[in-house]
Each structure stands twice: as C-alpha cells, then as structure tokens.
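Asks: Position 130 of the sequence shown, counted from 1, bears residue number 1358 in the working numbering, the numbering being contiguous throughout.
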Amino acid sequence: MKRRTRIAATVAAALLTLACAPERADRPAGAAGGAEAREPAPVTPAPVDSVRLRLDLPASVRVGQAVPIQLRIENTSARAVDLYLMGRPIAFDVIVSREDRVVWRRLEGQVVAAILQIRTLAPGEALELRAEWDQRDHAGRAVAPGAYQVAAEVKTDGEPLRAGPVELRILRKR
C-alpha cells in the first residue's frame, strides 16, 4: 500500500507539473500521415519516479479528414512504475472543444467497466493509446472549419492522467 501511495503522489505531482510545462519542439516535420506537423503538447519534465504524457495529433487537417490522436504515457524513471488504470480496455477519453464548448468526447455515453488494471511500465517503457476523430459532434453533424482544442484523459483509481489541450485547425477543402 505504501508503494501505491507513493506512485499516486508522484502521478499527482507530474500532473501539476504538466499543467505548467512549456511546449517542446521534438517531433520531426512531416509526421502525422501527410498532415501539417506540429510541436507536441506540453510534456511533464522527467523527475525521478514519474511518467511523462504526450498528446500527438496533426496541427491541421482538411474538412472531412479523420484526425489521428495518440496519447503516449512513458516511464521516465530508472525504476518500474505501476499505473492503476480503469476499464477494459483502458478508459481513454478525448475531449474536443471550441470556444469553451465541448463538441465531442470519445467516451460520451459509454459505460466504463469498473475494473482496475495495474500496468507496470519498465524504465523507459511507454504505453500508447490511439483514437480517431471523424470531425463529427455528439449529434453526428460535421463540424465547421476553424480552431479546436483537443485534450485527453486516462481514467485511474484517483485523478485522471491528463494531457493537452493542443490546438487543431480544420481547414476548408481546396
């Protein structure tokens, strides 16, 4: 139990650091399947015994083009780290908003199994979660071109792990 409390405290500290972390430019140009490349989302620094979260998606896509989204959770410490994650599969939510209004949530209306799974990440190991947004809102309507904010959450036995927001521009068709 002592180890679980220590890990929970470390994750909480990492989340606080994530909220204040500056953006980094360490993603190669041309990534994300031909869409315009972008800098990754804010990333937690690598304090001892922690995880780093990175939300990757294209900087822009054309109207109607699927938006690939990846959340990477990496153990940056020199020791194994246990993550206490909800759901089977892992409850990974993506939240797309525009002008302070939620447009779409990946887990909207879905039941998340009350199953806790423990995933141990070895030093340097990463867990990658992927999703895709079809540019439709909760009602199934196509969204308009413009600027959107994308964030991600992974449900845990405590506070969710969060990444983003990252700006996404939906461009008009050529």
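The beta-carbon is built from N, C-alpha and C at its ideal position, and this holds for glycine as well.
Taking the C-alpha atoms as reference points, what is the distance between L1299 and L1281?
Replies: Those two C-alpha atoms are separated by around 7 Å.
Asks: Rounded to the nearest angstrom, how far is the Cβ of L1335 from that of A1319, given a contact under 8 Å?
Replies: Rounded, the Cβ-Cβ distance is 7 Å, consistent with contact.
Asks: Use the C-beta contact count for E1356: other C-beta atoms within 10 angstroms, 16 or more gives buried, fewer gives exposed.
Replies: Exposed.
Asks: Would the beta-carbon of L1389 fall within 8 Å of that of I1301?
Replies: yes
Asks: In chain order, what residues of the same chain have a beta carbon less than 6 Å from the beta carbon of G1352, not counting five sequence neighbours either side?
Replies: So the list is empty, once near-sequence residues are dropped.
Asks: Leaving out the 5 sequence neighbours to the left and right, which residues in its chain are closer than 7 Å to G1374 when beta-carbon positions are compared?
Replies: R1326 and I1398
Asks: Determine the closest residue to V1339 out of A1359, I1346 and R1316, with distance taken between C-alpha atoms.
Replies: R1316
Asks: Return helix, strand or coil for P1388, following the three-state DSSP convention.
Replies: coil
Asks: Who are the near neighbours of H1366 in its chain, counting only those whose CB is closer than 7 Å to its CB and skipping five residues on each side?
Replies: W1332 and E1336
Asks: Among residues of its own chain, excluding the 5 on either side of K1401, which ones have a beta-carbon nearer than 7 Å to its beta-carbon?
Replies: Correct list, in chain order: R1290 and V1291.
Asks: Taking only three categories from DSSP, how would you classify D1403?
Replies: Only positions 1229 to 1402 of the chain appear in this structure, which leaves residue 1403 out of reach.
Asks: So if DSSP puts S1325 in a beta bridge, which residue, or which two residues, is it bridged to?
Replies: V1330 and Q1377
Asks: Which residue marks the beginning of the beta strand (DSSP E) containing A1288, and which one marks its end?
Replies: Note that residue 1288 is Ser in the sequence shown, not Ala. Its beta strand (DSSP E) spans residues S1288 to R1290.
Asks: Are A1308 and L1349 close, meaning C-beta to C-beta below 8 Å?
Replies: yes
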